[in-house]
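Report on the structure given below.
Protein chains: 2
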Amino acid sequence: MRIAVLGTGMVGRAIAARAAELGHDVVVGTRDVATTRGGEWGEWAAAHPGVTLTGYADVATGADLVVNATSGDGSLPALDAAGADNLAGKVLLDIANPLDFGKGFPPTLSVLNDDSLGERIQRAFPRTRVVKALNTLTADLMTHPGQLAGGDHSVFVSGDDADAKKVVTELLTSFGHTDVIDLGDITTARGTEMLLPIWLRLYGRLGTPMFNVKVVR
Amino acid sequence: MRIAVLGTGMVGRAIAARAAELGHDVVVGTRDVATTRGGEWGEWAAAHPGVTLTGYADVATGADLVVNATSGDGSLPALDAAGADNLAGKVLLDIANPLDFGKGFPPTLSVLNDDSLGERIQRAFPRTRVVKALNTLTADLMTHPGQLAGGDHSVFVSGDDADAKKVVTELLTSFGHTDVIDLGDITTARGTEMLLPIWLRLYGRLGTPMFNVKVVR
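Below, the structure is given as structure tokens:
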């Protein structure tokens with residue numbers, strides 16, 4: 001399928017590379033194409049010639065699946081730039097976390113408890129089918145989960161649209177995920193976004209981001 | 001050792017029973033002894049004759065370890081009633097979660113993000129050595145983790161005092177826990193308390209509280 005990825009950071013590049021490797025038609029969107037080309041994207045793009053770079057305004061056109069891999073505070077502006085009409089009816093895999101680094105490390109959350117970034121995006125784009133997923137593990141494990149314990153660990157999907165969750169679950173399974181847990185509607189994104197505080201502490205304690213939780217049951 | 005448990009609910013009874021089973025001298029504290037005896041405690045106590053019931057004011061006297069198994073909003077009042085002098089120098093295993101049921105189910109958290117109930121208790125009782133632990137799983141699995149996957153899942157300790165964490169870790173190990181992760185100082189309790197939102201959703205989704213997370217690394 002045609003996959004549009006918003007964001008050119010570690011997460012965006014990891015998803016784009018993996019999706020291209022699996023044979024999808026991948027386009028990555030950025031705020032300013034010239035600035036992105038002049039940065040670390042240039043080197044990465046040379047090794048990934050199948051991935052196209054474009055501005056946010058065009059990225060979602062013709063996409064079957066849109067991936068939000070921007071930072072938490074950059075998500076709504078990026079999606080606004082992509083255009084509500086372009087996003088209408090589409091499945092949006094939202095990977096962003098609303099991290100606030102204003103008080104240093106570890107960051108706090110800027111949205112939580114009785115709301116989530118996933119819900120904010122769903123409210124702002126009611127015609128788009130938002131699925132929160134993959135925001136609970138490091139980019140390398142999002143895309144190549146088999147590197148850790150042969151993939152024997154868990155990821156989650158949250159969203160209001162069952163068909164959209166099916167599309168995302170199939171993509172995750174194609175990445176190698178073996179335990180995709182459907183938590184329920186988009187309000188369950190509160191739970192996965194609020195996993196970040198313990199994730200950040202475990203990262204500090206274990207000295208590596210190559211870990212994940214498994215829901216043992 | 002002598003273990004004082006504050007709280008006569010499911011968690012308090014589970015901890016008291018398990019500690020007594022392991023040969024500890026166990027006393028349970030409650031706000032009003034007569035009222036507690038008249039409730040479901042009576043039947044439970046008949047099956048656990050080795051466990052003594054007393055008021056909060058006396059429960060911590062002579063204890064080696066104090067366990068806070070009260071509700072989140074009942075924790076500071078119960079500890080106040082137990083007395084700062086009686087708690088001074090002691091290890092306090094804090095299992096409570098600051099759940100707010102004011103908006104129905106699932107509850108939100110009343111303390112979070114840049115604070116936690118564990119930290120509030122540590123600030124209120126600076127002479128007590130607070131260790132947050134066991135607040136991330138159901139009572140049955142706190143005390144008998146081997147029931148699930150032979151105990152192959154994780155629990156966490158957070159606290160400022162290394163010796164106190166060692167005492168709690170040894171207790172948890174004696175219960176059957178095989179993976180006790182020391183997250184760091186008491187501020188890391190934010191992470192484990194903020195696990196509750198996903199725990200509650202998983203409970204709803206799986207239809208049983210007999211699950212836990214394993215940190216795969």
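Top to bottom, those sequences are chains S and E.
Using UniProt numbering, read the first sequence as starting at 1 and increasing by one per residue.
Using UniProt numbering, read the second sequence as starting at 1 and increasing by one per residue.
Virtual Cβ for every residue (Gly too), placed ideally from N, Cα, C.
Listed along the chain, the chain E residues whose CB falls inside 8 Å of the CB of S:ARG120 amount to none; the nearest CB is some 16 Å away. Contact annotation: S:VAL157 and S:VAL168 have beta-carbon atoms nearer than 7 Å.
For E:LYS166, the uninterrupted alpha helix (DSSP H) run begins and ends at 162-175, by DSSP.
The way I'd put it, the region 120-130 of chain E does touch the region 71-81 of chain E; three or more beta-carbon pairs between them come closer than 8 Å. Residue nearest to S:ALA82 within the set S:ARG37, S:GLY72, S:GLY7, S:ALA162 is S:GLY7 (criterion: CA-CA distance). In the three-state reduction of the DSSP assignment, E:THR187 falls in the helix class.
No Cβ of chain S is located within less than 7 Å of the beta carbon of E:PRO98. Less than 7 Å separates the beta-carbon of S:PRO197 from that of E:ARG190. For S:PRO145, the closest Cβ of chain E is not nearer than 7 Å. In terms of beta-carbon proximity, E:ASN135 stays away from the interface with chain S, with every pair separated by 7 Å or more. Less than 7 Å separates the beta-carbon of E:ASP94 from that of E:GLY118. Assignment of E:LEU22 by DSSP, reduced to helix, strand and coil, places it in the coil class. Counting only unbroken stretches of 3 or more residues, the beta strand (DSSP E) elements lying wholly within the region 15-73 of chain E are 25-30, 52-55, 65-68, in sequence order. With contacts defined as CB atoms closer than 7 Å, S:VAL91 and S:ALA4 fail to qualify as a contacting pair.
Contact of S:VAL216 with chain E by beta-carbon distance below 8 Å involves LEU148, ALA149, ASP152, HIS153, PHE211, ASN212, VAL213, LYS214. With contacts defined by Cβ atoms closer than 7 Å, S:ALA149 and E:VAL215 do not form a contacting pair. Only those residues of the region 186-197 of chain S whose C-beta falls short of 7 Å from the nearest C-beta of chain E are listed: THR188, ARG190, GLY191, THR192, MET194, LEU195, PRO197. Chain order gives the chain E residues near S:GLY184 as ARG201, GLY204, ARG205, where near means a beta carbon separation below 8 Å. S:ASN113 is positioned such that its CB atom lies no closer than 7 Å to that of S:ALA96. The shortest C-alpha to C-alpha distance from S:ALA164 to any of S:LEU195, S:THR128, S:THR138, S:MET194 is the one to S:THR128.
Rounded to the nearest angstrom, the gap between the Cα atoms of S:MET10 and S:THR138 is 9 Å.
Taking a beta-carbon distance threshold of 7 Å, E:ASP179 does not count as an interface residue toward chain S. For S:ARG13, the secondary structure class from DSSP, reduced to helix, strand or coil, is helix.
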